[in-house]
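A.B. asks: One gets my numbering by counting positions in the sequence shown from 1 and adding 26 to each. Following this message is one structure expressed as structure tokens.
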Amino acid sequence: MKISQGAPGAKILAFGHYQPSNVVTNDDLAKTIDTNDEWIQSRVGIKERRIAPPSETEIDLAVQAGGKALAASGLSAADIDLVIVATCTLETQIPNAAGRVAARLGIDAPGAFDVNTACSGFCYALAVANDTIRAGSATNVLVVGTEKFSPWIDWNDRATSVIFADGAGAAVVGPSDTPGIGPVVWGSDGDRSDAIIIKDRNSFLHQEGQTVFRWATTALHPVARQACERAGVDPADLAAFVPHQANLRIIEAIARKIGADNAVIARDIVLAGNTSAASIPMALSRMIERGEVRSGGLALLFGFGAGLTYAGQVIEIP
């Protein structure tokens, strides 16, 4: 089965991912806060997560993941003419992440900008890359999702410290005679923007967990189905469903409601935690690396989170 989207345009050539080496288990967290492994796994499905040291920045994470995606694509740095970085955890807003990532990778004078829609950021950035190539404004695009949540988390707060983590995922997007990226379905609910918030640079991330859980499990599955419909794909024909890795119960609820009965479901959250904009490319990159999904199969990518924002599209797995 093929994606249906008018004129041909773009496809993903390769993925890459990177995680810090420091593993923090649920038992590790239980040493400093009132929690335990059973409580964490029963509520969010996480067993462990990776936390970067102070010396390793979100730019470092992005460079590692982007470099792996570029190497796997068979292209060189000289072939990339646009870099888009999706992130919501930059320590400083100027300069942006994309320009710094491009320079570190030896990509000379590309277009370079950041996207901040938090957990849906990679899907937003991928949609922009797809449309940019189809419009002729770029030829090959590096898209990176990178997050370093650890400095923005109150490690004494059980509601957030057990969930969020650090990591990066990336994809190289190039031209294609047949469409390999379906139309994006995206949107927002600004009336609930305070459900996930960092109030100012001196504050930690705050999340209204029950509000987000109810929204994600009741309002989003029609959007995910619409992304399949716009690509001309039956959910039953999906080889993989790769949603934002927010909560294992949310992932399984959406997968069940859209009818992705034959798809491999990404459950990267179990060993990676919630890495926001990095979670989707990192999860799919790891699935490809482990041989869990086949090249040429169709995957539904679906991001959702702070803003509140959401976005999804069907892609052909490289």
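Don't be surprised by glycine CBs; every beta carbon is placed ideally from N, CA and C. Here the structure is a predicted model, which is why all the values come from computation and not from measurement.
Hey, which unbroken runs of the beta strand (DSSP E) at 3 residues or more fall wholly within the stretch 289–341?
C.D. replies: DSSP runs (the beta strand (DSSP E)) wholly in the stretch 289–341: 324–331.
A.B. asks: In the DSSP output, what is residue 210 paired with across the bridge?
C.D. replies: Residue 210 sits at position 184 when you count from the first residue of the sequence shown. Answer by DSSP bridge pairing: none, since residue 210 is not bridged.
A.B. asks: Under the three-state reduction of DSSP, which class applies to residue 43: helix, strand or coil?
C.D. replies: Counting from one through the sequence shown, the residue named residue 43 turns up at place 17. Reduced to three states, the DSSP call for residue 43 is strand.
A.B. asks: So what's residue 16 in DSSP terms, helix, strand or just coil?
C.D. replies: Summary: the structure shown does not reach residue 16, with the chain confined to residues 27 through 344, and so no result is reported for it.
A.B. asks: Determine the direct distance from the alpha carbon of residue 319 to that of residue 263, and round the result to whole angstroms.
C.D. replies: One-based indexing of the sequence shown puts residue 263 at position 237. One-based indexing of the sequence shown puts residue 319 at position 293. The straight-line gap from Cα to Cα measures roughly 13 Å.
A.B. asks: DSSP three-state call for residue 152: helix, strand or coil?
C.D. replies: In the sequence shown, the residue the question calls residue 152 occupies position 126. Helix.
A.B. asks: For the alpha helix (DSSP H) holding residue 284, just list the boundary residues, first then last.
C.D. replies: Stepping through the sequence shown from its first residue, residue 284 is reached at position 258. Run containing residue 284: 274–284, per the alpha helix (DSSP H) assignment.
A.B. asks: Would you mind giving the Cβ-Cβ distance between residue 270 and residue 145, rounded to the nearest angstrom? I have them listed as a contact below 8 Å.
C.D. replies: Locating residue 270 in the sequence shown gives position 244, where the first residue counts as 1. Locating residue 145 in the sequence shown gives position 119, where the first residue counts as 1. Yes, residue 270 and residue 145 are in contact; Cβ-Cβ is about 5 Å, under 8 Å.
A.B. asks: Grouping DSSP H, G and I as helix and E and B as strand, with all else coil, what is residue 227?
C.D. replies: As a first step, residue 227 is located in the sequence shown; it is residue number 201 there, counting from the start. Residue 227 falls in the coil class under three-state DSSP.
A.B. asks: Do you know offhand how far residue 235's Cα is from residue 40's?
C.D. replies: Your numbering for residue 235 matches position 209 in the sequence shown. Your numbering for residue 40 matches position 14 in the sequence shown. Those two C-alpha atoms are separated by around 34 Å.
A.B. asks: Is the stretch 79–87 close to the stretch 202–210, with three or more CB pairs under 8 Å?
C.D. replies: In short, these stretches do not touch, since the Cβ pair count stays below three.
A.B. asks: In angstroms, rounded to a whole number, what distance separates the CA positions of residue 344 and residue 195?
C.D. replies: To locate residue 344, count along the sequence shown from 1; it is residue 318. To locate residue 195, count along the sequence shown from 1; it is residue 169. C-alpha separation (whole angstroms): 15 Å.
A.B. asks: Is residue 80 helix, strand or coil by DSSP?
C.D. replies: Position 54 of the sequence shown holds residue 80. Correct three-state label for residue 80: coil.
A.B. asks: Which residues in the same chain have their Cβ closer than 8 Å to the Cβ of residue 63, if we skip the five residues on either side of it in sequence?
C.D. replies: In the sequence shown, residue 63 corresponds to position 37, counting from 1. Closer than 8 Å at Cβ, skipping near neighbours: 51, 52, 53, 56, 73.
A.B. asks: Contact check, residue 164 vs residue 105 under 8 Å by CB: the rounded distance?
C.D. replies: Residue mapping note: residue 164 aligns to position 138 of the sequence shown, counting from 1. Residue mapping note: residue 105 aligns to position 79 of the sequence shown, counting from 1. Rounded, the Cβ-Cβ distance is 11 Å, inconsistent with contact.
A.B. asks: Indicate the three-state DSSP secondary structure (helix, strand or coil) for residue 343 in the structure shown.
C.D. replies: Here residue 343 refers to the residue found at position 317 of the sequence shown. If DSSP states are grouped into helix, strand and coil, residue 343 belongs with coil.
A.B. asks: Tell me whether residue 258 sits in a helix, a strand or coil according to DSSP, three-state version.
C.D. replies: Residue numbering aside, residue 258 sits at position 232 when the sequence shown is read from its first letter. In the structure shown, residue 258 sits in coil (DSSP, three-state: anything other than H, G, I, E or B).
A.B. asks: In three-state terms, what does DSSP make of residue 73?
C.D. replies: Position 47 of the sequence shown, counting from 1, holds the residue named residue 73. In this structure, residue 73 counts as coil in the three-state DSSP scheme.
A.B. asks: Could you give the DSSP three-state label for residue 94: helix, strand or coil?
C.D. replies: Stepping through the sequence shown from its first residue, residue 94 is reached at position 68. If DSSP states are grouped into helix, strand and coil, residue 94 belongs with the helices.
A.B. asks: Please look up how many angstroms separate the CB atoms of residue 95 and residue 147, rounded, as I've assumed it's under 8 Å.
C.D. replies: Indexing the sequence shown from 1 puts residue 95 at position 69. Indexing the sequence shown from 1 puts residue 147 at position 121. Going by Cβ atoms, the distance from residue 95 to residue 147 rounds to 16 Å, so no, they are not a contact pair.
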